[in-house]
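Here the structure is laid out as structure tokens; the discussion comes afterwards.
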Amino acid sequence: MLELALNFHDDLGALNPHLAPIIEEAKAHGRRIYLRSVEPRDRQKIVRLARSSTALHHPWIETPKSNALFNQYLDRIKGKNATGMVVCFKHNDEIIGVINLNEIVLGAFRSARVSYYVSHEHHGRGLMTEGLNLFTTEAFISQGLHRIEAAIQPQNIPSKRLVKRCGFHYEGLAKGYLYIDGKWRDHERWALVHDRDTVGV
Ligand SMILES: CC(C)(COP(=O)(O)OP(=O)(O)OC[C@H]1O[C@@H](n2cnc3c(N)ncnc32)[C@H](O)[C@@H]1OP(=O)(O)O)[C@@H](O)C(=O)NCCC(=O)NCCS
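For the sequence shown, the positions run 46 to 246 when our numbering is used.
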């Protein structure tokens, strides 16, 4: 059973046999959840999750709280510079969170910025720790990244605790780094760096 539902990446292990154990490891980690790509059919569920969790998400992240915003989001993650995945319960396939990879840049940089949010109903249960660990492991493999960054507002303690648990290290404060909810907001930059010594997968 492929828990990490990224079937289009399955052939990576066959193409490059030394990746197979890494892919197996990535699949094995999700005890309670799995990841799959966001699809158009997720519109209603994600919009509902975003609307019902505003108190938890504000002012840390902007989420698709309407069909129009979801469509814009879908267009963005269909492009080559971003991806989006839903975190789903294994036992009933319920979507409990979303994790995105933004601003994917390859070449000598091989970097991207991760963003994420959980449903208010499933906050504080360790589910996003499972999700983010799976997500970063998969992203390093499938995207051939060297670095994954998270930009976090200094007061956003749950998010800082999450990235620390997932092995990110603090790199510094970026003044007015992202425009969120009508303001340029300072962000702490956290990063997870892969120890690959080559470019690409
Ligand atoms: C950031 C965010 C995704 C973190 O979600 P979360 O639910 O705290 O993360 P986890 O699912 O990993 O849960 C971790 C907590 O569950 C607790 N927990 C409870 N049961 C657990 C279990 N069985 N296993 C592991 N941890 C468990 C952990 O102790 C931890 O709490 P702590 O940080 O106080 O020690 C969430 O706060 C969120 O959506 N915030 C709004 C959006 C946002 O800020 N996005 C990021 C912008 S930079």
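Ideal Cβ placement from N, Cα and C applies to all residues, glycine included.
Query - For Ala236, the residue or residues it bridges with in DSSP - result: Within the DSSP bridge table, the entry for Ala236 names Glu194, His214 as partners.
Report task. Taking all protein chains shown into account, decide if Ala219 is buried (16 or more other Cβ within 10 angstroms of its Cβ) or exposed. Result -> The residue is exposed, with fewer than 16 neighbouring Cβ atoms inside 10 Å.
Report task. Following the continuous alpha helix (DSSP H) through Asn116, name the residue where it begins and the one where it ends. Result -> From DSSP, the alpha helix (DSSP H) with Asn116 extends over 112-123.
Report task. Answer yes if the region 104-118 comes into contact with the region 212-231, meaning at least three C-beta pairs across the two stretches below 8 Å, and no otherwise. Result -> Touching, yes, given that three or more Cβ pairs across the two stretches are closer than 8 Å.
Query raised in the report: Would Ala196 be called buried (16 or more neighbouring beta carbons within 10 Å of its own) or exposed?
Result: That one is buried.
Query raised in the report: Can you list the beta strand (DSSP E) stretches of 3 or more residues lying completely in the region 128-194, in chain order?
Result: The qualifying runs are 128-134, 140-150, 156-163.
Query - Contacts around Asn147, its chain only, beta-carbon distance under 7 Å, and the 5 residues preceding and following it disregarded - result: If we look at Asn147 and ignore the five residues flanking it on each side, its Cβ neighbours are Ala127, Ala157, Arg158, Ser160.
Query raised in the report: So what does DSSP say about Arg76, is it helix, strand or coil?
Result: If DSSP states are grouped into helix, strand and coil, Arg76 belongs with coil.
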